[in-house]
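Heads up: the sequence lines are chains G and C, in that order. Residues -10 to 282 (this note's numbering) make up the first sequence, in order. Residues 65 to 371 (this note's numbering) make up the second sequence, in order. Since the structure comes first, as structure tokens, the remarks are kept for the end.
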Amino acid sequence: MTTTLPARPVTQTPRPVAIAPRRRKPRAYKIFRVVALALVVLLFIAPLIWMFVASLKTNVDIYDASKTVFFTPTFDNYDNVLSRNNYFGFIFNSFWVALLSTVFSLLIGVPAAYAMSRFAMHRSALVVLMARIIPGVSLLVPWYFIFANMRMVGGFGVLILSHMFVALPLIVYIMISYFDSTPLELEEQAQVDGLTHIGAFLRITLPLSVPGLATAGILSFIFSWNNFMFALVLSGANTKTLPVAIFNFVSYASIDWGSLMAAAVVVTVPIMVIALFTQKYIVSGLTAGATKG
Amino acid sequence: MTTMVTTKPSMWKNSSTWANRHRKWLFASPAMIFVGLLIAVPLGWTLYLSVTDSEGSVRAASNLVGFSNYVEVLTDTDRFWPAVMRTFVFTGGALVIELILGMCIALLLWRPFRGEKWVRVAILLPLVATPVAVGMMWRLIFDPNIGFANQVLSWIGIPAQPWLSGQYTALPTLMFVDIWQWTPMVVLMLLAGLTSLSDEPDEAARIDGANAWQRFWFVTLPLLRATVIVTIVLRGIDALKTFDILYATKGKGGGSFHEVETLNIYAFGLSFDYNDYGIASTVLILFFLLIIAIMWVLTYRRKANRS
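Encoded structure:
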């Protein structure tokens, strides 16, 4: 540091006090920051609150501008959605498809990510990540006819397979960057102590990777729960998932806004609750690879 | 008895040694075979369909027509090229605004403050919300008659807008929805990049008398280059393929004037509403090539920059 200073005498104004630690931010900036942050939060949250509020209104109140804020809340919309439109069935479908596709994807994705990380299989990783790049529509027509031939369209099997196609690249991507950052030394130590390579993976690396597995699993569950396009084509009347059910809600002439918003709340709230409790994992999963070159 | 005792462990040992020796492909192949089967076969089929006049049902008799589908699609200025343009406008516009806005918010969140956790949760919520539900939510807010958006406009004296139902306002409105939902993703990515930076370059620039803007533009941003490019690639791919909010708000064909019909929506409509598989496959192959080309440019430039 000091050696470079003589080369640039112009900037060498000695201000020993001013540069001491970090300068204190001016008061104006602090106020600006608080206001800006509040605005940001409001912008991202307000529409969600609006959705929730509308789900508690009757359709008459939704059409009445004077009742924007003050109205008598009612749970009729939820009653309508859950009991009369069989939404419990759709919740059940969404949940099982998301859970099973996540579990199966973890089962085949985690060992794959491990091998790809330890053996630097960049090309193989690229093959799996192709699944993320390719437009889903280009696979849907062939899938539909292949699976229709196997009499699988409309069943849970095909839905789980198609959602695994979304979950797997995600899991592989997250777990590769996780395994890349786990040290090799522990595994090598375990091998010195008599474990095989696979034994070291199962007994040492895997238990140490639980945070990574949680991250990959939670995100894969969320992506499957939210998936719309595959279920739109491949699900049947009995296997419809929540997003498709919500979409079908509006195909009639006039929209029942209150019930539609209640249905939207029903699909988003479970995910948001999960997000609240697992925020740390979700963020680390979404930003996996962000700091890599 | 003795032979069993000796053979059993040795068989176990043999297969165990075999498994350990071949663990690389033993571990990697199930996932690769799964993805390979679900991609290679369908993609090959799509490629084949794109040179046939297949229509109505894939199993119905169809003829090989060579590249006439490609000629038809590439000269189609009525639906195809406008869809290409909308795809670029939507992706480019949304991506640029998300990056700028995301960078501003990430910088606001960078240094620790009280209540940081709650702000982060608030930012995470749009990101995890189900896109179809998000589409429906904005459909109510942007409803020309009862929506909150026009109510706000009336308070400040601006005439009501058609928003999603207008021929020229629908696409910008949906870009806004995309920005609302996905700016948080950009914020989180950039914030991860920012927190991984060391303070020293920033401090050095401060000592040299650089102001806040100069420190950001000449110090922080160049250091963040890799993160910004990863963000552009990931977000760009997803934005190009946007389907859920477009289909949930405008339905088939992207509205009555096809005003939000991007390539993905166009291809989906050709496949499942018109069963015009030949043309649909051609559009999809071209769409896929486009994505590959963009990816290649981005990663190629990245390598060129690094060396």
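Each residue gets a CB set at the ideal place from its N, CA and C atoms; glycine is no exception. All values reported here derive from a predicted model rather than from experimental measurement.
Can you list, in chain order, the residues of its chain whose CB lies under 7 Å from that of residue i, leaving out five sequence neighbours each side?
i               : result
S94 (chain G)   : M153, A156, L157, I160 and S209
N133 (chain C)  : S114, V115, G342, I343 and T346
P(-5) (chain G) : Here the model assigns P(-5) (chain G) a pLDDT of 43, short of 50, so the residue's position is not dependable, and the following value carries that caveat. None.
T233 (chain C)  : Q225, P226 and W227
Using a Cβ cut-off of 8 Å, pull out every chain C residue sitting near residue i, in sequence order please.
i              : result
V105 (chain G) : A small fix is needed here, since residue 105 (chain G) is Met in this sequence, not Val. Per Cβ cutoff of 8 Å: A92.
G144 (chain G) : Ordered by position in chain C, no residue passes the 8 Å Cβ test against G144 (chain G), which lies about 16 Å from the chain.
I97 (chain G)  : P94, A95 and F98
CB-CB under 6 Å to residue i, same chain, minus the five flanking residues each way: which ones, in chain order?
i              : result
A203 (chain G) : Y270
N328 (chain C) : K305 and F307
G274 (chain G) : I163, T204 and L208
S99 (chain G)  : The sequence shown places Val at residue 99 (chain G), not Ser. Hits under 6 Å: M164.
F219 (chain G) : S151
I211 (chain G) : I260
D169 (chain G) : S106
Starting from the beta carbon of residue i, find every residue of chain G whose beta carbon is closer than 8 Å, and list them in chain order.
i              : result
M149 (chain C) : Here the premise fails: no neighbours, minimum Cβ distance about 17 Å.
I169 (chain C) : V29
L188 (chain C) : A264, Q268, I271 and V272
I301 (chain C) : R121 and I122
M201 (chain C) : P36, L37, W39, M40, M250 and A253
N127 (chain C) : Residues of chain G passing the Cβ test: none, with the nearest at roughly 18 Å.
N328 (chain C) : P124 and V126
D242 (chain C) : Within chain G, no residue comes near D242 (chain C); the closest Cβ sits about 13 Å away, beyond 8 Å.
Do you know how far the Cα of residue j is from the Cα of residue i?
i              : j              : result
L32 (chain G)  : V135 (chain C) : 46 Å
F280 (chain C) : V199 (chain G) : 37 Å
G144 (chain G) : F177 (chain C) : 50 Å
A101 (chain G) : A205 (chain G) : 14 Å
A109 (chain G) : L96 (chain G)  : 20 Å
V6 (chain G)   : I271 (chain C) : No answer about V6 (chain G) holds up, because its pLDDT of 48 lies below 50 and its placement is not dependable.
G156 (chain C) : R73 (chain G)  : 43 Å
V130 (chain G) : F154 (chain C) : 25 Å
L221 (chain G) : R140 (chain G) : 17 Å
F152 (chain C) : L304 (chain C) : 8 Å
G318 (chain C) : V324 (chain C) : 5 Å
G278 (chain G) : T57 (chain G)  : 44 Å
D68 (chain G)  : T259 (chain C) : 46 Å
L150 (chain G) : L128 (chain G) : 13 Å
R203 (chain C) : Q215 (chain C) : 14 Å
R85 (chain C)  : S113 (chain G) : 19 Å
L159 (chain C) : L362 (chain C) : 14 Å
V183 (chain C) : F336 (chain C) : 42 Å
A35 (chain G)  : L128 (chain C) : 54 Å
F236 (chain G) : L28 (chain G)  : 31 Å
T276 (chain G) : S166 (chain G) : 10 Å
F321 (chain C) : V239 (chain G) : 20 Å
F136 (chain G) : S224 (chain G) : 11 Å
M239 (chain C) : T81 (chain C)  : 56 Å
V185 (chain C) : A92 (chain C)  : 36 Å
L184 (chain G) : W244 (chain C) : 51 Å
Counting only Cβ pairs nearer than 9 Å, list the residues of chain C close to residue i.
i              : result
T228 (chain G) : Here the premise fails: no neighbours, minimum Cβ distance about 17 Å.
T57 (chain G)  : F212 and Q215
Would you mind telling me which residues of chain G sit closer than 9 Å to residue i, beta carbon to beta carbon, in chain order?
i              : result
Y338 (chain C) : Going along chain G, no residue has its Cβ under 9 Å from Y338 (chain C), so there is no contact; the nearest lies around 12 Å.
I103 (chain C) : V116, M119, A120, I123, L128 and F154
Quick one: which chain C residues come within Cβ less than 7 Å of residue i?
i              : result
P232 (chain G) : T194 and V196
T257 (chain G) : A193, T194 and A197
W246 (chain G) : L204
Using a cut-off of 7 Å between C-beta atoms, extract the partners of residue i located in chain G.
i              : result
S80 (chain C)  : T185
V185 (chain C) : L265 and Q268
T291 (chain C) : A279 and T280
W109 (chain C) : P131
Quick one: residues in its chain with C-beta nearer than 8 Å to the C-beta of residue i, no 5 flanking neighbours on either side, listed in chain order?
i              : result
L235 (chain C) : R150, V153, F154, E323 and V324
Y76 (chain G)  : V70, L231, A234, A252 and V255
N48 (chain G)  : D245, W246 and G247
At a CB-CB cut-off below 7 Å, which residues of chain A make contact with residue i?
i             : result
A83 (chain C) : As a matter of chain content, chain A is missing from the structure shown, whose protein chains are G and C.
Report the residues of the region 178 to 212 of chain G with a CB closer than 7 Å to any CB of chain C, ordered along the chain. T185, H186, I187 and I211
Which of the residues in the region 27 to 53 of chain G, read from start to end, lie with their CB under 7 Å from any CB of chain C? V29, V30, F33, I34, P36, L37, W39, M40, A43, I51 and Y52
Between the region 158 to 172 of chain C and the region 234 to 251 of chain C, are three or more C-beta pairs nearer than 8 Å? yes
Kindly confirm or deny that the region 243 to 262 of chain G and the region 42 to 56 of chain G touch, where touching means at least three C-beta pairs closer than 8 Å. yes
Can we say the region 119 to 133 of chain G touches the region 99 to 107 of chain C, given the rule of at least three CB pairs closer than 8 Å? yes
Could you say if the region 200 to 214 of chain C and the region 222 to 229 of chain C meet the contact criterion of at least three C-beta pairs nearer than 8 Å? yes
Using 8 Å as the threshold, is the region 252 to 260 of chain C in touch with the region 286 to 296 of chain C, meaning 3 or more CB pairs across them? yes
Count Cβ pairs between the region 251 to 267 of chain G and the region 213 to 224 of chain C that sit closer than 8 Å; are there 3 or more? no
Answer yes if the region 130 to 145 of chain C comes into contact with the region 342 to 350 of chain C, meaning at least three C-beta pairs across the two stretches below 8 Å, and no otherwise. yes
Within 8 Å, do at least three Cβ pairs link the region 209 to 218 of chain G to the region 193 to 202 of chain C? yes
Evaluate contact between the region 228 to 241 of chain G and the region 71 to 88 of chain G, counting only Cβ atoms and requiring at least three cross-stretch pairs below 8 Å. yes
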